[in-house]
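Report on the following structure.
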Amino acid sequence: MFAVARAVVCGWWQQEACWQREHVWGQRLERVTLDTSRRSEAASQWLAAWWHLVARDAVVFPAVVAVAAALVDPALRLLVTDERPLVRRSRRHDRFMTALGDRLERGWLKEVEWPERPSALQTRMRGVARELRSPSRSASPHSGIWWVPAAHQPAEVGAGLCLLATTPPVAFRGHAGVTGWRGELYVPRRVGRGAGLKAVSEERFWEGLGHARRYVVRHGHLAVPHAGAPQDGFDLGRWLANLRAASAGLPPEFVRALTELSVWWNPPWPISWQRAWHRTRAHSLAHGLVSGDDNLAGMPRWLERWLRQQIAEYSRLAAEQQELLAQLGLTAAEIDRFHAWPARRRSVLHGLEAAHDYAARHHLHGLPEGVVWWTGAPDEDQARQWLHAQQASWHLLQPGQQELVSGAARGGVARCRFSSGASAHERDT
């Protein structure tokens, strides 16, 4: 929650349009700069760009807390997820930004946040709307609601200072439009309505697409692990994960380029399933299609476990998943042949479903004719002997077993009659 809120506020911090309207951050940044410079001679020599990075989190922290509280407010959430036909998307956006600006006492927010400009807040809003439409697909921690894509993550202080230390000094000029900010500490910021960010985003995408194309040539798919090791100095798995999280807001040309590389680059099921399917397909191409009449004999353990899971959950899979399994040879007919294998060991889930269906049929109307609950149930004498045996080994029983035996005796399932010489404990038992 705070990571998303921090990314939202730090995104505002980087905008020239924000600094032209903000009246608190400049004064607070000046106080931090002056107080720190009095206590540290080295800090007094820092460049304005360094101050802008080092003091950022301290200056915006109250705003981060306020934004975090707003993001979990059900009232503001309803403004994003209002799906009434007469409420257009642009109107929903304006209502949300107006309410958020009033909450933060910054009525100018709707002037710097708009749907066409990619930002952490826009990603969050799209994720909330997507969660309403498809709750099952939004259960993942990477669904875009509480996860910040790499493109919107704020620069960290350490990495940012290292980058600034390797760049040539820049001459800074004053800016009279920022209230309370001294001219010699002015930080140059990007000008325009996000055109620079859009250009950088497009450049990063086409660079990543080149890495993706090379991966497809080598492996034939884009089901790259999220936490895989970077290849050629590029973290393709994380790049693709970011695109999947923000897929609802990607430009059409981006989606078209990725789909041309791999139709299932962003499947509606977990990417881990797609990755396992590609691995299984490679095995089937080398060793033949899967057959249901051989009990999956001779297959690697990992493959057997995955195939058995697909067989057990076949009816719950999407139609496209079933079609993909058919390409491996695991059609509906082959699954029926698998279940018909003699002495088939059914899964626990299958047994519970069968028991539930049986109880639903016969609980109210009794058992079918000729069927008894307990074949060979003991008679009264046998039950009395058994209870005597439990009393004799009473100290060996678990507390739960003792309660069950005592309850059976009290309930009249069988009576234990002890001799007059039995101990008080035995009679109580």
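The working numbering puts the sequence shown at residues -3 to 425.
Glycine included, each C-beta is placed from N, C-alpha and C at the ideal position.
Checklist line | Cβ-Cβ distance between Ala13 and Glu152 below 8 Å | finding: Counting from one through the sequence shown, the residue named residue 13 turns up at place 17. Counting from one through the sequence shown, the residue named residue 152 turns up at place 156. Contact flag unset, no.
Next item on the list: Would you identify the three-state DSSP class for Gln386, choosing helix, strand or coil?
Entry: Counting from 1 along the sequence shown, the entry for residue 386 is found at position 390. It is helical.
Next item on the list: Identify the continuous alpha helix (DSSP H) that holds Thr327 and give its terminal residues.
Entry: As a first step, residue 327 must be located in the sequence shown, where it is residue number 331. Here Thr327 belongs to no alpha helix (DSSP H), and DSSP marks it neither H nor E.
Note to self: With H, G and I counted as helix, E and B as strand and the rest as coil, what does DSSP make of Gln11?
What the structure shows: As a position in the sequence shown, residue 11 is number 15, starting the count at 1. Of the three classes helix, strand and coil, the one that applies to Gln11 here is strand, per DSSP.
Next item on the list: Check whether the stretch 113 to 123 touches the stretch 232 to 244, counting contact only when three or more Cβ pairs, one atom from each stretch, lie closer than 8 Å.
Entry: yes
Check: Who are the Cβ neighbours of Leu75 in its own chain at under 8 Å, not counting the five residues just before and after it?
Finding: Along the sequence shown, one-based indexing puts residue 75 at 79. Only Arg88, Arg91, Phe92, Ala95 meet the Cβ criterion.
Next item on the list: Express the C-alpha separation of Gln10 and Val187 in angstroms, rounding to a whole number.
Entry: By one-based count along the sequence shown, residue 187 stands at place 191. By one-based count along the sequence shown, residue 10 stands at place 14. At Val187 the pLDDT is 43, less than 50, meaning the model places this residue with poor confidence; the figure from the coordinates comes in the next sentence. Answer to the nearest angstrom: the Cα atoms are 10 Å apart.
Note to self: Need the endpoints of the alpha helix (DSSP H) that Pro248 sits in, please.
What the structure shows: Here residue 248 is taken as the residue at index 252 of the sequence shown, counted from 1. Pro248 -> alpha helix (DSSP H) spans 248 to 257.
Checklist line | Touch test, the stretch 265 to 278 against the stretch 245 to 256, Cβ-Cβ under 8 Å, three pairs minimum | finding: no
Note to self: Can you tell me whether Asp353 is buried or exposed? The criterion is at least 16 other CB atoms within 10 Å of its CB, across all chains shown.
What the structure shows: Here residue 353 refers to the residue found at position 357 when the sequence shown is read from its first residue. Classification of Asp353: exposed, given that the 10 Å Cβ count is below 16.
Item checked: Cα-Cα separation, His217 to Tyr211 -> Here residue 217 refers to the residue found at position 221 of the sequence shown. Here residue 211 refers to the residue found at position 215 of the sequence shown. Computed Cα separation, rounded: 7 Å.
Notebook entry, point to check: Any idea if Phe(-2) is buried or exposed, counting beta-carbon neighbours within 10 angstroms, 16 or more meaning buried?
Noted result: For the purposes of this step, residue -2 is taken as residue 2 along the sequence shown, with counting starting at 1. The residue is exposed, with fewer than 16 neighbouring Cβ atoms inside 10 Å.
Next item on the list: Tell me whether Ser389 is buried or exposed, calling it buried when 16 or more other Cβ atoms sit within 10 Å of its Cβ.
Entry: Position 393 of the sequence shown holds residue 389. So Ser389 ends up on the exposed side.
Margin query: In the DSSP assignment, the alpha helix (DSSP H) including Glu399 goes from what residue to what residue?
Written below: The sequence position of residue 399 within the sequence shown is 403, counting from 1. Segment 395 to 406, the alpha helix (DSSP H) holding Glu399.
Check: Can you tell me the Cα-Cα spacing of Trp260 and Arg271, whole angstroms?
Finding: Against the sequence shown, residue 260 aligns to sequence position 264. Against the sequence shown, residue 271 aligns to sequence position 275. About 10 Å.
Item checked: Nearest-angstrom Cα separation, counted from Trp269 out to Pro221 -> Counted from its first residue, the sequence shown places residue 221 at position 225. Counted from its first residue, the sequence shown places residue 269 at position 273. The alpha-carbon atoms of Pro221 and Trp269 are separated by roughly 11 Å.
Note to self: Quick check on this structure: which residue in Glu18, Leu25, Gln41 has the alpha carbon closest to the alpha carbon of Ala51?
What the structure shows: Here residue 51 refers to the residue found at position 55 of the sequence shown. Closest by C-alpha distance to Ala51, out of Glu18, Leu25, Gln41, is Leu25.
Checklist line | Residues near Gly204 by beta carbon distance below 6 Å, same chain, minus five either side | finding: In the sequence shown, residue 204 corresponds to position 208, counting from 1. Once the five neighbours on either side are set aside, the close Cβ partners of Gly204 are Trp235.
Item checked: Neighbourhood of Ala62 by C-beta, 6 Å cutoff - its chain only, sequence neighbours within 5 removed -> Counting from one through the sequence shown, the residue named residue 62 turns up at place 66. Listed in chain order, the non-local C-beta contacts of Ala62 below 6 Å within the same chain comprise Leu100, local neighbours out to five positions each way being set aside.
Check: From which residue to which residue does the alpha helix (DSSP H) around Gly22 run?
Finding: As a working note, residue 22 is residue 26 in the sequence shown. Start and end: 21 to 35.
Checklist line | Enclosing alpha helix (DSSP H) for Trp298 [first to last residue] | finding: Walking along the sequence shown from the start, residue 298 turns up at place 302. First-last of the alpha helix (DSSP H) with Trp298: 297 to 308.
Notebook entry, point to check: Just to confirm, are Val56 and Trp104 a CB contact at a threshold of 8 Å?
Noted result: For the purposes of this step, residue 56 is taken as residue 60 along the sequence shown, with counting starting at 1. For the purposes of this step, residue 104 is taken as residue 108 along the sequence shown, with counting starting at 1. Against a cut-off of 8 Å, the Cβ pair of Trp104 and Val56 comes out as no contact.
Note to self: Considering Cα atoms alone, identify which of Leu348, Ala385, Ala1 is closest to Pro145.
What the structure shows: For the purposes of this step, residue 145 is taken as residue 149 along the sequence shown, with counting starting at 1. Proximity to Pro145 across Leu348, Ala385, Ala1 peaks at Ala1, based on C-alpha coordinates.
Notebook entry, point to check: Can we count Leu383 as close to the ligand SAM, meaning its CB is less than 7 Å from some heavy atom?
Noted result: Of the ligands one can find in the structure shown there are none, so the ligand SAM has no counterpart to examine.
Checklist line | Ala167 classed as buried or exposed, judged by whether at least 16 other C-beta atoms fall within 10 angstroms | finding: Position 171 of the sequence shown, counted from the start, is the residue given in the question as residue 167. The predicted position of Ala167 is uncertain, since its pLDDT is 37 and thus under 50; no value can be drawn from it.
Notebook entry, point to check: alpha helix (DSSP H) containing Pro58: first to last residue?
Noted result: On the sequence shown, position 62 is the one that residue 58 refers to. Pro58 -> alpha helix (DSSP H) spans 52 to 67.
Note to self: Tell me which residue opens and which closes the alpha helix (DSSP H) that Arg271 is part of.
What the structure shows: Counting from one through the sequence shown, the residue named residue 271 turns up at place 275. Segment 267 to 283, the alpha helix (DSSP H) holding Arg271.
Item checked: Residue interval of the alpha helix (DSSP H) (run including Leu105) -> Position 109 of the sequence shown holds residue 105. First-last of the alpha helix (DSSP H) with Leu105: 105 to 108.
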